[in-house]
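Residue numbers (our numbering), protein chains in the order written: chain A, 17 to 146; chain B, 563 to 652; chain C, 3 to 94. Ideal Cβ positions, reconstructed from N, Cα and C, are used throughout, including at glycine. Data first, discussion second: the structure below is written as structure tokens.
Put into structure tokens, the structure is as follows:
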């Protein structure tokens, strides 16, 4: 997977929808079995063993995913992958590919984007903006 | 000695004002809410330091502005802490 | 009332310092380290001044804590603008 696949749009997608590695894993679980409706417990049970996320955090991740138009909930509060647009679906495919082929880069990227708001505090003290 | 103290107090005031201006300017450009809370924090700290200056240098015996100094500093810091705590939300 | 405010301000400086410490660990940006130390010094200044009941003594050593704090912040701003190199994103 080349560096060019990590586009500005992809960064924007990550920044808005994927605040953590666990969030990415939740989304990819839903994406890979998109016909299935998942409860939160199902998802948490099938998460990779080294990922640790608490239930409230997982619930808030799911809410973020829903508000980004990636999943929807049915009447029993089960979640199903449902991208609101082809562009979004494309971003999720990019995410899946990055997770397989460039996991270290992807993880570093997720954490770097999480820190951009904090970094902007430090960057505010620069006299000249680039 | 007095002049030296004066310079130190002025430095405190000017540093706070500089932080206020830098954070405020960045907030205008980038719109990142965290910067708004940072700006408000340093507004509070600036006011607190200006009042300290008045309290000790201008009116050393007439008035005691401690209550207002502390209130301004606390208000500023509460804005900052609010911003830091909620900063993870989009 | 003053005791309450003094205690609250001291604690607020300390909590802010803890946040700055976390930000420094996340981003490795020296500015956050400077703010961490400065805010700890401000907390100490506020707390000690009250505990020792030295409210308006500018020559006391406690006052020096404040001065050092502000000097650190100024130094961090100058450092960021004239000395710091480019930061690589994602670097821990």
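Residue closest to residue i, alpha-carbon to alpha-carbon, out of the options
i, options, result
"residue 83 of chain A", "A/24, A/22, A/18 and A/33", "A/33"
"residue 616 of chain B", "B/592, B/649, B/630 and B/641", "B/630"
"residue 129 of chain A", "A/143, A/25 and A/18", "A/25"
"residue 57 of chain A", "A/70, A/86 and A/51", "A/70"
"residue 577 of chain B", "B/619, B/604, B/590 and B/589", "B/604"
"residue 63 of chain A", "A/80, A/40, A/102 and A/117", "A/40"
"residue 78 of chain A", "A/43, A/27, A/52 and A/30", "A/43"
"residue 46 of chain C", "C/85, C/16, C/82 and C/83", "C/16"
"residue 65 of chain A", "A/116, A/38 and A/101", "A/38"
"residue 80 of chain A", "A/132, A/36 and A/19", "A/36"
"residue 608 of chain B", "B/574, B/644, B/564 and B/621", "B/574"
"residue 84 of chain C", "A/19, A/144 and A/22", "A/144"
"residue 583 of chain B", "B/602, B/619 and B/572", "B/602"
"residue 48 of chain C", "C/35, C/31 and C/66", "C/66"
"residue 96 of chain A", "A/87, A/132 and A/102", "A/87"
"residue 606 of chain B", "B/580, B/565 and B/618", "B/580"
Sub-7 Å separation of residue i and residue j beta-carbons
i, j, result
"residue 18 of chain C", "residue 41 of chain C", "yes"
"residue 60 of chain A", "residue 74 of chain A", "yes"
"residue 628 of chain B", "residue 79 of chain C", "no"
"residue 7 of chain C", "residue 597 of chain B", "no"
"residue 140 of chain A", "residue 610 of chain B", "no"
"residue 29 of chain C", "residue 135 of chain A", "yes"
"residue 17 of chain A", "residue 118 of chain A", "yes"
"residue 33 of chain C", "residue 138 of chain A", "yes"
"residue 646 of chain B", "residue 21 of chain C", "yes"
"residue 29 of chain A", "residue 107 of chain A", "yes"
"residue 53 of chain A", "residue 90 of chain A", "yes"
"residue 600 of chain B", "residue 585 of chain B", "yes"
"residue 94 of chain A", "residue 55 of chain A", "yes"
"residue 74 of chain C", "residue 36 of chain C", "yes"
"residue 64 of chain C", "residue 55 of chain C", "no"
Backbone secondary structure at residue i - three-state DSSP
i, result
"residue 114 of chain A", "helix"
"residue 90 of chain C", "Per-residue confidence for residue 90 of chain C stands at a pLDDT of 43, beneath the threshold of 50, marking its modelled position as unreliable; the derived number appears in the next sentence. Of the three classes helix, strand and coil, the one that applies to residue 90 of chain C here is coil, per DSSP."
"residue 18 of chain A", "coil"
"residue 652 of chain B", "For residue 652 of chain B, the predicted model reports a pLDDT of 46, less than 50, meaning its position is unreliable and no value from the coordinates is stated."
"residue 25 of chain A", "helix"
"residue 619 of chain B", "helix"
"residue 99 of chain A", "coil"
"residue 69 of chain A", "coil"
"residue 89 of chain A", "strand"
"residue 640 of chain B", "helix"
Under 7 Å by beta carbon: chain B residues contacting residue i
i, result
"residue 76 of chain C", "577"
"residue 4 of chain C", "628, 629 and 632"
"residue 11 of chain C", "632, 635, 636 and 639"
Neighbour list for residue i in chain C, Cβ cutoff strictly below 7 Å
i, result
"residue 592 of chain B", "Within 7 Å Cβ-Cβ: nothing; residue 592 of chain B doesn't reach chain C, min ~16 Å."
Neighbour list for residue i in chain A, Cβ cutoff strictly below 9 Å
i, result
"residue 629 of chain B", "Ordered by position in chain A, no residue passes the 9 Å Cβ test against residue 629 of chain B, which lies about 30 Å from the chain."
"residue 608 of chain B", "None at all; the shortest Cβ gap to chain A is about 16 Å."
"residue 600 of chain B", "137 and 140"
"residue 585 of chain B", "137, 140 and 141"
Cross-chain neighbours of residue i in chain B, by beta carbon under 8 Å
i, result
"residue 22 of chain A", "By Cβ distance, chain B contributes nothing, its closest Cβ being about 20 Å from residue 22 of chain A, past 8 Å."
"residue 134 of chain A", "596 and 649"
"residue 68 of chain C", "574"
"residue 7 of chain C", "629, 632, 633 and 636"
Residue i: contacting residues in chain A (beta-carbon distance under 8 Å)
i, result
"residue 29 of chain C", "131, 134, 135 and 138"
"residue 33 of chain C", "138 and 141"
Within chain C, partners of residue i - CB distance below 9 Å
i, result
"residue 89 of chain A", "Correct list: empty, because the minimum Cβ distance to chain C is about 32 Å."
Contacts of residue i in chain C (Cβ-Cβ under 8 Å)
i, result
"residue 143 of chain A", "83"
"residue 646 of chain B", "18 and 21"
Does the segment 106-116 of chain A come within contact of the segment 35-49 of chain A, defined as at least 3 CB pairs closer than 8 Å? Yes: at least three Cβ pairs fall under 8 Å.
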